[in-house]
Structure formats: C-alpha cells, structure tokens
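*Asks:* Can you keep this structure in mind? I'll have questions shortly.
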Amino acid sequence: MEYHGGSYDVIVVGAGHAGCEAGLAAARIGAKTLMITLNLDMVAFMPCNPSIGGPAKGIVVREIDALGGEMAKNIDKTYIQIRMLNTGKGPAVRALRAQADKFLYQHEMKKTLENEENLTLLQGKVERLIVEDGVCKGVVTHTGAHYYAKTVVITTGTFLRGEIIIGDIKYSSGPNNQQPSIKLSEHLEELGFELVRFKTGTPPRVNSRSIDYSKTEIQPGDDVPRAFSYETTEYITDQLPCWLTYTTEETHQIIDKNLHLSPMYSGMIKGTGPRYCPSIEDKIVRFHDKPRHQIFLEPEGRNTEEVYVQGLSTSLPEHIQRQILATIPGLEQAQLMRAGYAIEYDAVVPTQLWPTLETKLVKNLYTAGQINGTSGYEEAAGQGLIAGINAARRALGKEELILSRSDAYIGVLIDDLVTKGTNEPYRLLTSRAEYRLLLRHDNADLRLTDIGYNIGLISEERYQKFLAKKAAIEKEKKRLQTYIIKPTPEVQEVIRQAGGSELKDGIRAADLLKRPEMTYEHIQLLAPADEDIPADVVEQVEIQIKYEGYIEKSLQQVERLKKMENKKIPEDIDYDAITGLATEARQKLKQVRPLSIAQASRISGVNPADISILLVYLEQGRIARVSNE
Amino acid sequence: MDFDTIAAISTPMGEGAIAIVRLSGNEAVSIADHIFKGVGGKRLKDVPSHTIHYGHIIDPANGQTVEEVMVAVMRAPKTFTREDVVEINCHGGLISVNRVLQLVLTNGARLAEPGEFTKRAFLNGRIDLSQAEAVIDLIRAKTDRAMNVALSQMEGRLSNMIRHLRQTILETLAHVEVNIDYPEYDDVEEMTHQLLMEKAKYVREQIDRLLQTAQQGKILREGLATVIIGRPNVGKSSLLNSLVHENKAIVTDIPGTTRDVIEEYVNVRGVPLKLIDTAGIRETEDIVERIGVERSRQMVKEADLILLVLNFNEELTKEDEELFETVKGMDVIVIVNKTDLPQKIDMERVIQLANGHPVVTTSLLEERGIEELEEAISQLFFTGAVEASDLTYVSNSRHIALLHQAKKAVEEAISGIETGIPIDIVQIDLTRAWELLGEIIGDTIHESLIDQLFSQFCLGK
Ligand SMILES: Cc1cc2nc3c(=O)[nH]c(=O)nc-3n(C[C@H](O)[C@H](O)[C@H](O)COP(=O)(O)OP(=O)(O)OC[C@H]3O[C@@H](n4cnc5c(N)ncnc54)[C@H](O)[C@@H]3O)c2cc1C
Ligand SMILES: Nc1nc2c(ncn2[C@@H]2O[C@H](COP(=O)(O)OP(=O)(O)OP(=O)(O)O)[C@@H](O)[C@H]2O)c(=O)[nH]1
Chain A
1 MEYHGGSYDV IVVGAGHAGC EAGLAAARIG AKTLMITLNL DMVAFMPCNP SIGGPAKGIV
61 VREIDALGGE MAKNIDKTYI QIRMLNTGKG PAVRALRAQA DKFLYQHEMK KTLENEENLT
121 LLQGKVERLI VEDGVCKGVV THTGAHYYAK TVVITTGTFL RGEIIIGDIK YSSGPNNQQP
181 SIKLSEHLEE LGFELVRFKT GTPPRVNSRS IDYSKTEIQP GDDVPRAFSY ETTEYITDQL
241 PCWLTYTTEE THQIIDKNLH LSPMYSGMIK GTGPRYCPSI EDKIVRFHDK PRHQIFLEPE
301 GRNTEEVYVQ GLSTSLPEHI QRQILATIPG LEQAQLMRAG YAIEYDAVVP TQLWPTLETK
361 LVKNLYTAGQ INGTSGYEEA AGQGLIAGIN AARRALGKEE LILSRSDAYI GVLIDDLVTK
421 GTNEPYRLLT SRAEYRLLLR HDNADLRLTD IGYNIGLISE ERYQKFLAKK AAIEKEKKRL
481 QTYIIKPTPE VQEVIRQAGG SELKDGIRAA DLLKRPEMTY EHIQLLAPAD EDIPADVVEQ
541 VEIQIKYEGY IEKSLQQVER LKKMENKKIP EDIDYDAITG LATEARQKLK QVRPLSIAQA
601 SRISGVNPAD ISILLVYLEQ GRIARVSNE
Chain B
1 MDFDTIAAIS TPMGEGAIAI VRLSGNEAVS IADHIFKGVG GKRLKDVPSH TIHYGHIIDP
61 ANGQTVEEVM VAVMRAPKTF TREDVVEINC HGGLISVNRV LQLVLTNGAR LAEPGEFTKR
121 AFLNGRIDLS QAEAVIDLIR AKTDRAMNVA LSQMEGRLSN MIRHLRQTIL ETLAHVEVNI
181 DYPEYDDVEE MTHQLLMEKA KYVREQIDRL LQTAQQGKIL REGLATVIIG RPNVGKSSLL
241 NSLVHENKAI VTDIPGTTRD VIEEYVNVRG VPLKLIDTAG IRETEDIVER IGVERSRQMV
301 KEADLILLVL NFNEELTKED EELFETVKGM DVIVIVNKTD LPQKIDMERV IQLANGHPVV
361 TTSLLEERGI EELEEAISQL FFTGAVEASD LTYVSNSRHI ALLHQAKKAV EEAISGIETG
421 IPIDIVQIDL TRAWELLGEI IGDTIHESLI DQLFSQFCLG K
C-alpha cells in the first residue's frame, strides 16, 4: 500500500555512525529531521573493532566534538579503556584510542537520538528515492510509505548489495547477518550513479572464559583521566585491560596448507579490500618471512564475555578458523562464538560528489560514510556530520559548509574522496594530511569551535568557555614573550638540572622554552605566573611556543595555497569549450568538476599547463559556460 | 593581481653572444639589487625606471664576482608584463648566465614556467583579450617541448640517482609513518633520531655530489664526453669536422675550458655528444709536452666514449697498439680512415685488437663511412652500452634550483634532529625534500608514501 508518511526538512537513511551524526546535526541546527534505519536495535553498531579513535581517526573524533557532533561524547560515556597514543612523539601525532563497550555505545547513542527535539526515529527499509527533474524530494520504504523532505542523506554503510563470505559459503547479507539493501543499490544505479564493489572483513570472536590469559601480556589503559570531548568532565576510572598474544609457526602452517580454501585466493571475492586491513591469510602470503604476528584480545563490553580477536581477520572456512585459534597461545581452548567473515558491498564512486557531499547527479541528495568508499567509524561519523550540516543548511536556505585541508582531517578526507576518488576502502592516515602539525589532537577546538558555534551546534555556554580559554592562551604567551629571565644562580641551577647549558645573558621566557630540554614546568619555576594557569592552556602555550618555527612554516604553505583556493571555478564551466586542455585533463576536470583552482591542481592527470590555461580563462572572465537553453 | 617573482633566461640558449636573465614581479628589483654591485655603490632600488646600469653580479654568500653585466630596470606598469621587470645582460656565455640565474633563484625568485612571462602579460591585461587563444597555444607548445626536453634529459644516471635518493627518503618516511599510525605494532623497529640523522646526512651528501657536478660547470650541456684519439695525421680533426658538419654544432668554443682542447657539441641521431679532439695538444708538444700528454690521458680516463682513429694507408705501429692498451675496458669505436688510399693496415689484427668493439672504415675525404659511424654510435647508446660517467645532466637551471631547495630542506631536518625536535615534525622537512626531488623527475604523487607504507610493513587488524 502506497501512502504519504509525512514531510520533513531532512531525511537521513541509516543509523550507523554516519547516520547518527547526520541526523543529530540536522535536528540540532533546527531542521525537522526523520531518521530511517533497518533495525532500531542496531543503532550505531560496531560490526568490527569495538574501538574508537587511534592515530588520525582519534583526531577526527576531536574535530567532530569541536563542531558539535556526538561521537566523542558517546564514547566518553561508554569506554572500557582509554589510552593516549604516541606520547613519546611530537604533539602533531598524539591521538586517543578507546575500547568501547559495544552494547553500551549503541544504547547511549539510541537514547541521545530518542531524546533529540527535532528528530523522529523510525524503523524501515528505504527502497527508492523520490527524484523529480534531477532533484531529490524524498524516499519510499518497503512498506510503501512516501516520506517527503527538502534534502535526503543516505548513509547505508556496507549494506548495499552486501554479501557475506566464509570459506566457500557466500550469501546475501548486511554486516553481522543483518538484512542487506538490494533494491536501493539497484535504484542508485538506475539513477545513473557509478558504483564500485569493495570488500572488508572481520575476525572471529571467542568466549573470554575459555581464554588462558596467563599466556598473554596485559595491556592496561592509561591511569590519567582522558576524554575525547572538550565538554566531558566526568571520567570512567574503572577500566578493563586488553591482552596481547602472537601467532605461531603452527598458525602459519595451517594457513599455508589451507590457502586454497580462502575465497580471496579461489577468486570468489571480487571486491577490492583495503591494504591496511589485510586478512591474516593476506599477511602470511605477503610477509611470508615474518615469524609471528601480533594478536590483541579486546573485550567487547562489560556485560558480555565475548572477546574480539584483533589481528585475525579472515574469510577462511569456519573449521579452519577453529584450527587457527587453537595454535595461538592462550586461545588453545578458546570457544569460538562467531566466525570471522568477509563482506562485499557496493559503494558510490565518490568523485560523483561535491565537497559538501551532495551528489552532482541528484540535487539535494547527500551521501556519507562507508557508502562513499571509506572504511571506519570515525571516517563515517565525520562525513555524516558534514552531510547532515549541509543537508540541514540547504533545507533552511543557508550557505553550505566545506572544511579545507588545513582546517581538519575531515577536510582532508572529503577532499581526497571527491577530488581523487579511491580504489580501495579509504582510511585516514596521518600521512594523508600535508599540514598535520596544524591538525593536532590538542587544538581541534581552536580550529573548529568557531565554525561549530556559527552553525548552531555549539552552545553559548561552551562557546564562552572556549573564548576564555583562547584569551588565556594569548595572555600567557604574551607574558612569556616579554618576561626576561636573568642569569641568576638559581636560574642557572634549574637549567643545569634540566640538562641545558647555562645562560650567558638575560633571555625571554619564551625563547628559553624553545630549548628542547625545557618544559613549561621549568619556565613556571623561573618566571612564575600570578594566577593559576589551567592545564589545557599550558599545553597550548607550550606547543605553540616550542614549535613556533615549524607551525609558522606550515601556515605559510597554507597561505600560499589560499590564493589558489580563493580562485573559484564556476560550477557551470564548460571544459569542452576551453581550447588547449590536454585530453586527460579535460576528462578528469569534467568528472571531478573542482570548485577552485587549488582543488583542480590536486587532480591527478591535470598538469600545471592545464592549470595555467584554466587560469587564463578564469581571469579573462570570458568563461565558457554550459548553455542551459 | 598578486604574483610571486619569476625569472628565466630569456635569450635562446646557445644563440647569440649576449644572454639575458629576466625577472618579473614585485621583488624583481630588490632581488636583482641584492646580487648587484654597481659602480660607486649605486643601488638598483634607487634608480629611475627604464634605465640601464653597468656593474657586477656578486654572490652574496661568498662575495665572489660572478659576471660583468648591464642591468636594465623597468618598473610597472610600462613593461611587458605590467610588473616590475629587471633584465640582466650577461656576456660570458652559457656558464655565467646559468650562474646568474642560479643566484637569482636562490635569492628569492622562482624559475618561470614555460610561457609564464607571456601569461602574466596577459593576466595583467597587457595583451589584448583576443590574443587569449594564442597565449594558450604558447603555453601548451612550450610546456610540451619543455616536457620532452626534460624527459630526454632525464634518461639515465641522474634520474636513477634521484630515484634512488627518493626511495631512501621514502623508506625512511614510511618507517616514521608506521610508528605513528600503528604505534601498537611492537615488531617494527622504532625510528630514532640517530637513525634518521644517518639517513638525512646520506641524502645531503648525495645531493651535494650532484650539485658539485653542476657547479663545476664541467660539462655545460648534457652530452657524452667523447674523446677522439689517434696518431698524428690519421684524420682526427677531419673526423671532428665531418661529424660537426653533418650534425649542426650546438655550441662552439666554450670559454673557460683550456684553449688547447677543442670541444664541439653535436647531436648524433639523438645522442648528445661532447666531442673532444686532443689534436691541439700535439701542436704545443715541444713546449709543455708532458703536461699535454698528461692532460690528454686524463681526458681519456674521464671519457664516456672513445673514437680511436687508425690509418688504412699505414701499417699498425707500436703506438697504435699502445692506444688500444690505454682504452682497455672503455667504450670504444675503432675508425679505420683513409680507405680511398691503398690498404697497408692488417685488418685482421685491427679486429683482434678491437676485441669485440665496433670497427668502422671511413674515407673522410670522400665522405664515406660516416653513416656507419653514426649508426655505431647510436647503437652503443641505445642499447645502453655507454653510460655517462659524469653527472652531466645536472646542468639544467631548474634542476639545480630544485636540488638547492631540497638540500636546504634536508639541512633543516638535520638541524631539527640536532635540537631534539620530535621525529614526526622533522619529517615535515624530509617530506619536502622528497617532493622537491620528485619535481626534478616529474613525480610528486603523494600516494606513493602510502603504497610504500603497506608494502614495507605488515599491518592489519
Ligand atoms: C565486516 C566488517 C568489517 C569492518 N572492518 C573494519 C575495520 O577493520 N576497520 C574499520 O575502520 N572499519 C571497518 N569496518 C567498517 C565500519 O564498520 C564502517 O566503516 C562504519 O560502520 C561505517 O559507518 P556507516 O555509518 O557508513 O555505515 P553503517 O555503520 O554500516 O550503518 C549503515 C546504516 O544504514 C542502515 N541501512 C542500510 N540500508 C538501509 C536501507 N535501505 N534503509 C534504511 N536503512 C538502511 C543500516 O541499518 C545501518 O544503520 C568494517 C565493517 C564490516 C561490516
Ligand atoms: N686520402 C685521405 N686523406 C685524408 C682522409 N682523412 C683525412 N685526410 C687527410 O689527412 C691529413 C691529416 O688530417 P687531420 O684530420 O688533420 O689529422 P689529425 O689526426 O687531426 O692530425 P694531427 O692534428 O696532426 O694529429 C689531412 O691532410 C687530411 O686532408 C681520408 O679519408 N683520405
């Protein structure tokens, strides 16, 4: 029965990590939002690692928080363990990682969704979009309900024509045996979208009671309080450890012997898997000389005995998985609870999107998350947030938001996707960011709170606190830049103790702090402040002063690029009418349709001569436009 | 519009006695002023527009005089580009023009892209709108040509050398990255400051070596050092002349090289040769014979290719046999000349002595056999038998400028390591060096770091 189900400003399809952020952001901005998902018991479900954060990804979570998203707050409420990574390295690469209580994480997120003013949560399966004249007007579910909206965001993750593969068994399914989305995938193709087939996998889970932990090494969390969100004030102190063990020679023998049973090698899997998450059979084949591989045992939650066996992602047959487990110290008697599997699914070729995540093909339609060819909860959430913001702002008639590569990892992620595309599931790495010294864990708030506030996702109270913090940082920096430390015997003693060379003359406190052996604590002794400086302010002052030269260098690069970034290319430019462009460049430009000269220059196959030619046309103001008549 | 300052040699290379280094942009005058010493301490900053000034170009790094010049200062807007323009007229031939360009580039200008002066003229409204298409054609054509030239230059050792350097850096970067992105993996060795320092120093050393070959100006243009040897009167000069005659000479009479050696640059079927005739040495034999012989020996030792000339009309002498001995292990083409005269030479013995090297018979007088000789040369080159022993290719200004910048980046990395800056920050400078080296060989795709990461280390979940 076809019927009219209601009208909204924004409809979000899917309640995974992308969907949750998109729905919440849209509703909080003030758009009347409907969120439709296959199964309400599976909101914000983690089909793989029960963990949030890590290098680059953890910084994304901070960015989401600074923009007013939910992921950081939700994990802060539900982690079982949290650690700061890379503490021995520079500030640019520090990042938090938390082990989540997988179930609690879902419950908390569901509660937040349910309690959101403008948000309606609905179980249902979207099978079609309502598209008129290339404009998306709503969605149709399997029950025949027509829901109308000004904008629609699709965040269907790995469900599009999903297929699970274990050994020689293959069946149509979403992750973790949820129902797949087949009709929607077909419908997207009908609309003219180009889809690719990707693949990912997950390891087996075992029962904790059957693990002999004495044969493994303990991996505890940090004992200092840590949180992702700048708003979190209460910390979970009762943490659970993870455990480390290794594969053995026997493991490798079993895998070698049964390689022909792996669907990866039998040719059954066609989708492209990510290089950074190879299955254990991949690892053994590609790095045959490595005598052992690390295996981390991660609890899936506080109220479950299920343990995630990280490092053992596989699609070998179930009975081989059992044999493999038995060769690993500590897991000899392990009870298999769920077998590992690979999943193949459709993704939308992301160069079909504008940097706002709106599709070029269908106006007012946005896609976010794994459907765009990424992998990872954080990558999905970051995109969801941006798509949600843009969908809501479009619906409310406001200007769209695009983060640049120098604003945020989220900016890097989206720019990479829409400009370069990806031929494997895309994961963020710190090396993808050219300005990573600017995109730090610690300064996400300084980078993005203003934006979050202006959009309406940051409360006035939080914003005032943020402004106060900013002022305090500037004040303390200024103080240190003017305070002269004199070479008194006490001062020399402190410096000697720190392992530095004595002062010959008076020195500004800021300059002394630049010495590698000096920390803010030392400076505090030598140039005490009159007031108490909060730890987060100290952190900023120290980093900003210590790495001033490098930060400055990065900023100059950004500045140089800004000029190119500011040279906008009109959306309706007709590349065919521009003589002199090389054929490959023309094709790429037509496909990507970059919004600025800077973006154009990042497209592979577009060389400097093509950029020059484009510039000539732009400056001349005589741009060839696609005629609409 | 707001552009940076660009510079380039604006007279065609090798044509005309005067070459001009042209600068355009806001900084044009101040950059030129920085390296210019006028008579009576005159500063270019203070001179009126559209005036020309005599003086010297000085390397500010060491105070050395580089070149005697006339400098024209033309201020915006009445210039070709509608920006400040400075033209430095040099007299001393290619070497010194290149050095002046280098100085300009190391003091703040950027090497102009092909057609960029014209482009600016256009963008600044100097050129009529209707000329847009022409400008585009120009950009396209010049770029393509520059690319072709760059490509042909990049064959061989320099590109290999740079690839090797980049790979070294890339592996190091991947190592740093893996420590950052996969901190939990305990089986990857931690990159330490000490390890990084070793790598950085190695890279700097290699870049230095490349730069030295460039700075010596030893070989100005790309070309295989080809030395013609043979007893007096066998036809060495004739050989040189006919090769030059057949193949348009590129440059004659390079200043700064010794007068008693004649060098010619020719292009034989796409193979660039620097022909060196040691004939002159003979003439001064009685004066400084020992020095002369010593020098020609040296020349032979450094040669990439030897053309050993024999006389068809004479019997092999002990001297001939000694020549064969001297060039043992080198790439040699044996030329038996004067076949128009009656045979006295024992060809079997020649072939035996040649020991597998090509033997070509010619009559330079009757212009016979030259084709075959050219064929033999191109064969040798294209089958890869000959390798340039000099890093000749680093004579290109763009390459030198990029090498300098790369070196600077590596040096910054080194001083970062020395002051204990965290590795992941030092890495920024190393990445920069890697990118700059990549620009030399036209490869700056960032993705390769990620490829390296996953092929070098075993990572996963
Ligand atoms: C087996 C497996 C292994 C993985 N391994 C890793 C890993 O190792 N590392 C990593 O970083 N990431 C991994 N991932 C990816 C990670 O889980 C996803 O990137 C992330 O969950 C994507 O979030 P999302 O919001 O885009 O999609 P999902 O979290 O998948 O959410 C999709 C949502 O859309 C809903 N939906 C789907 N179709 C419809 C429809 N027609 N109508 C209504 N609702 C619909 C679903 O109910 C669900 O709520 C793995 C995923 C799987 C399945
Ligand atoms: N008949 C004949 N004479 C030749 C031929 N090639 C060169 N000659 C002559 O041989 C003489 C010597 O030639 P050059 O080219 O000067 O010989 P060279 O080896 O450079 O001699 P030096 O400079 O004395 O070392 C000249 O008179 C040439 O004209 C040839 O193929 N046949």
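Protein chains in written order, with full-length UniProt numbering: chain A, 1 to 629; chain B, 1 to 461.
From the three backbone atoms N, C-alpha and C, an ideal C-beta is built for every residue, glycine too.
Please read all numbers here as calculations on a predicted model, not as lab measurements.
(1) Give me, in chain order, the residues of the same chain whose beta-carbon lies closer than 6 Å to that of G174(A); leave out the 5 immediate sequence neighbours on both sides.
(2) Can you check whether the CB of P263(A) is closer than 8 Å to the CB of G167(A)?
(3) Quick one: what's got a C-beta closer than 7 Å to A598(A)'s C-beta in the same chain, skipping five residues either side?
(4) Taking the continuous beta strand (DSSP E) assigned at I36(A), which residues delimit it?
(5) Say whether chain B places a C-beta atom closer than 8 Å to the C-beta of P425(A).
(6) Could you name the residues of the same chain whose beta carbon sits closer than 8 Å to that of S612(A), not counting the 5 residues immediately before and after it, in chain order?
(7) Among P422(B), L402(B), G416(B) and T419(B), which has the Cα closest to the Cα of W434(B)?
(8) Decide if the region 540-549 of chain A is in contact with the region 569-584 of chain A; the criterion is three or more beta carbon pairs, one per stretch, under 8 Å apart.
(9) Taking Cβ to Cβ, would you say Y491(A) is nearer than 8 Å to L480(A)?
(10) Identify whether T419(A) lies in helix, strand or coil by the three-state DSSP scheme.
(11) My understanding is that S229(A) touches K111(A), with C-beta atoms under 8 Å, so please give their C-beta distance in whole angstroms.
(12) Pull up the CB-CB distance for L121(A) and E127(A), whole angstroms please, since I reckon it's below 8 Å.
(13) Give me the Cβ distance between residue 520(B) and N26(B), rounded to the nearest whole Å; I'm assuming they're in contact under 8 Å.
(14) Does P55(A) come within less than 8 Å of chain B when only Cβ atoms are used?
(15) Buried or exposed, going by whether 16 or more other CB atoms sit within 10 Å of the CB of L195(A)?
(16) When you compare the CB of K119(B) with every CB in chain A, is at least one pair closer than 8 Å?
(17) Where does I428(B) sit, in a helix, a strand or coil, going by DSSP?
(18) What are the residues of the region 42-73 of chain B that lie near chain A, defined by any Cβ-Cβ distance shorter than 8 Å?
(19) Check whether chain B comes within 8 Å of Y341(A), counting only Cβ atoms and requiring the distance to be less than that.
(20) CA-CA distance, I306(B) and E319(B)?
(21) Roughly how far, in whole angstroms, is the beta-carbon of I269(A) from the beta-carbon of I320(A), given that I think they are within contact range, below 8 Å?
(22) Report the residues of the region 425-444 of chain A with a CB closer than 7 Å to any CB of chain B, ordered along the chain.
(23) Would you kindly check if the distance between the Cβ of V362(A) and the Cβ of L589(A) is under 8 Å?
(24) Are the C-beta of P422(B) and some C-beta of chain A separated by less than 8 Å?
(25) In chain order, what residues of the same chain have a beta carbon less than 8 Å from the beta carbon of M191(B), not counting five sequence neighbours either side?
(26) Does D282(A) come out as helix, strand or coil in the three-state DSSP assignment?
(27) Closer than 7 Å by C-beta to V29(B): which residues in its own chain qualify, once you throw out the five before and the five after it? Chain order, please.
(28) Enumerate in chain order the residues of its own chain whose CB-to-CB distance from T422(A) is below 6 Å, with the five nearest sequence positions on each side excluded.
(29) Does the distance from the CB of G16(A) to the CB of A44(A) come in under 8 Å?
(30) Counting only runs of 3+ residues fully inside the region 42-88 of chain A, write out the beta strand (DSSP E) ranges in chain order.
(31) Using a Cβ-Cβ cut-off of 8 Å, state whether G138(A) counts as contacting chain B.
(32) Could you tell me whether the Cβ atoms of I228(B) and V309(B) are closer together than 8 Å?
(33) Is P299(A) helix, strand or coil by DSSP?
(34) Does ligand 1 have a heavy atom nearer than 7 Å to the CB of V196(A)?
(35) Using CA coordinates, which residue listed in E68(B), L170(B) and E314(B) is at the minimum distance from K344(B)?
(36) On the three-state DSSP scale, how would you describe D320(B)?
*Replies:* A quick look at the data gives this:
(1) F159, G162 and P180
(2) yes
(3) L561, M564 and E565
(4) T33 to T37
(5) no
(6) none
(7) L402(B)
(8) no
(9) What sits at residue 491(A) in the sequence shown is Val, not Tyr. No. Outside cutoff.
(10) helix
(11) Actually they do not touch by this definition, with Cβ atoms about 16 Å apart.
(12) Actually they do not touch by this definition, with Cβ atoms about 19 Å apart.
(13) There is no way to answer for residue 520(B), as the model of chain B reaches only from 1 to 461.
(14) yes
(15) buried
(16) yes
(17) helix
(18) none
(19) no
(20) 16 Å
(21) Their Cβ separation, rounded to whole angstroms, is 16 Å, which puts I269(A) and I320(A) out of contact at 8 Å.
(22) L429, T430, S431 and L437
(23) no
(24) yes
(25) T172, H175, V176, N179 and I423
(26) helix
(27) L44, K45, V73, D84 and V86
(28) G373
(29) yes
(30) 51-53 and 79-85
(31) no
(32) yes
(33) strand
(34) no
(35) E314(B)
(36) helix
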